[in-house]
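Okay, structure first, notes after.
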Amino acid sequence: MNQFFKQILSSLIGTIAALLLIVTIGASGLIVLLLLLSQDGSPTVKDKTVLVFDLATKIRDTEPTITLSQAFSQEEQSTLTLKQVLKNLDKARQDPHITAIFLDGRNSSGARGSATSSEIRQALEAFQKAGKKIIAYGVDWDERDYYLTSIADEVILNPIGMMEMNGLGAQPLFYKGAFEKYGIGVQTVRVGNYKSAVEPYTRASLSPENRQQLETLIGGIWQNFVTTVASSRKISPNQIQAIADNQGLLSAQEAKSKGFIDQIAYWDEVLAKLTSLSAKEEQTFRQIDLASYSDVAVKSVPEKSSGNKIAVVYAEGAIVNGDGTFETVGGDRFSRELRKIRNDDEVKAVVL
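Residues in the sequence shown are numbered consecutively from 29, following the working numbering.
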């Protein structure tokens with residue numbers, strides 16, 4: 029009997045000891061995890077750093093939707109909001125550690141509208157006026173990228189690179205013929221001749237009203253491009269228009285002779301130039317990309333705050349019943365948001 033109780037007691041002591049060991053290890057692990065989480069993991073910017081703006085970055089007004097697989101992916105997302113980009117460029121303007129901006133056009137152009145490009149260009153101009161340099165380099169440029177890069181202090185093109193300068197256009201796709209061929213009927217409701225969103229489903233060509241408004245829109249964007257580039261590069265607007273009308277493409281040599289670029293160079297030559305503006309680090313220059321710079325806190329740049337707020341509501345996509353998704357304008361969801369804003373005494377205005 030005594031032997032039986034001894035076995036039970038020893039088993040009980042062993043179990044308690046094992047539990048205490050597990051609790052101790054778990055508590056220690058939790059403490060270590062909390063210490064790691066409490067550490068500031070934000071990137072830091074060393075002295076004489078170049079801010080790299082990859083022109084392939086997709087820029088949009090609203091935060092992009094992220095799928096579950098993207099959330100767990102180790103790959104960096106190449107999409108930023110316009111607000112992030114403008115804030116980073118203004119922060120870099122005031123940051124004493126940032127010496128220059130590198131506009132990297134080696135990759136394909138990212139999704140960026142003309143209005144977005146215009147706001148970014150103004151921010152780059154403010155950076156430049158602060159006495160800091162902008163270097164731009166690319167292999168093949170179209171009008172969208174060149175609109176930004178033309179502001180740079182040094183515009184550099186690869187020796188085998190090309191510049192597209194053939195103007196702007198619109199090519200709507202019409203489905204009416206295909207629908208009729210396959211017996212698909214379309215019913216639309218619209219008010220006004222200039223409401224052209226449904227025309228691809230009801231017509232086989234542009235209506236006079238739609239052609240007029242597209243020509244006005246594209247003509248205005250093109251005229252802004254011509255006058256802006258001409259001013260930056262000290263080129264006659266007529267010369268730019270003549271190239272668009274008669275030539276369309278410029279080789280690197282032609283682009284330099286006509287004043288569109290400052291230098292023809294390979295990447296290793298550009299790398300040496302950027303290193304001279306910063307410092308050498310691991311076979312490259314000291315740099316930080318635009319996305320990483322979003323997480324950098326700069327002491328010399330105070331955060332702006334106010335008791336009064338202006339709410340910005342983004343309505344993007346088709347208008348649908350119910351809550352909808354992030355890619356649509358859900359009637360119920362937007363009603364709740366606007367009601368919440370209306371009842372907030374600190375919100376003094378709304379931008380839709």
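Every residue gets a Cβ at the ideal spot worked out from N, C-alpha and C, and that includes glycine.
Given the structure is predicted, the values throughout are model-derived calculations rather than measurements.
Three-state secondary structure assigned by DSSP to residue i
| i | result |
| --- | --- |
| K111 | helix |
| R88 | strand |
| Q455 | The displayed coordinates of the chain run from 29 to 380. Any statement about residue 455 would go beyond what the structure contains. |
| N116 | helix |
| I179 | coil |
| L83 | coil |
| D373 | coil |
| T353 | coil |
| T216 | coil |
| A319 | helix |
| A139 | coil |
| T43 | helix |
| I50 | helix |
| L65 | Note that L65 scores a pLDDT of 47, beneath 50, so its modelled location is shaky and nothing firm can be said. |
| V257 | helix |
Expected contact under 8 Å - CB spacing of residue i and residue j to nearest Å
| i | j | result |
| --- | --- | --- |
| A272 | M193 | 6 Å |
| F202 | R231 | 6 Å |
| A339 | V375 | 5 Å |
| D317 | V80 | 5 Å |
| A300 | I246 | Their Cβ separation, rounded to whole angstroms, is 40 Å, which puts A300 and I246 out of contact at 8 Å. |
Contacts around residue i, its chain only, beta-carbon distance under 8 Å, and the 5 residues preceding and following it disregarded
| i | result |
| --- | --- |
| V357 | A343, E344, G345, A346, I347 and V348 |
| K161 | T127, A128, I129, D181, E182 and L305 |
Cut-off 6 Å between Cβ atoms - residues of its own chain near residue i, not counting five sequence neighbours on either side
| i | result |
| --- | --- |
| S1 | For the chain, the structure presents residues 29 to 380; residue 1 sits outside this window and is missing. |
| T303 | F313 |
| D82 | D132 |
Residue(s) in a DSSP beta bridge with residue i
| i | result |
| --- | --- |
| L185 | G166 and I292 |
| G276 | M193 |
| K161 | A128 |
| F313 | K308 |
| A339 | V378 |
Close-in-space but distant-in-sequence residues of the same chain around residue i (CB under 7 Å, 5 per side omitted)
| i | result |
| --- | --- |
| W250 | G195 and L196 |
| S264 | A258 |
| G352 | G358 and R361 |
| V226 | T216 and R218 |
Selection from the options that minimises the alpha carbon distance to residue i
| i | options | result |
| --- | --- | --- |
| E147 | N186, L110 and D296 | L110 |
| G350 | I338, V340, R364 and K337 | R364 |
| L278 | P187, V214, L245 and D317 | P187 |
| A270 | D170, A280, K286 and S260 | K286 |
| G159 | D132, D168 and P124 | P124 |
| V73 | I268, Y294, I41 and Y321 | Y321 |
| V113 | Q122, G133, K76 and A151 | A151 |
| K337 | Q311, R370 and A307 | R370 |
| D118 | A143, G141, Q156 and E310 | Q156 |
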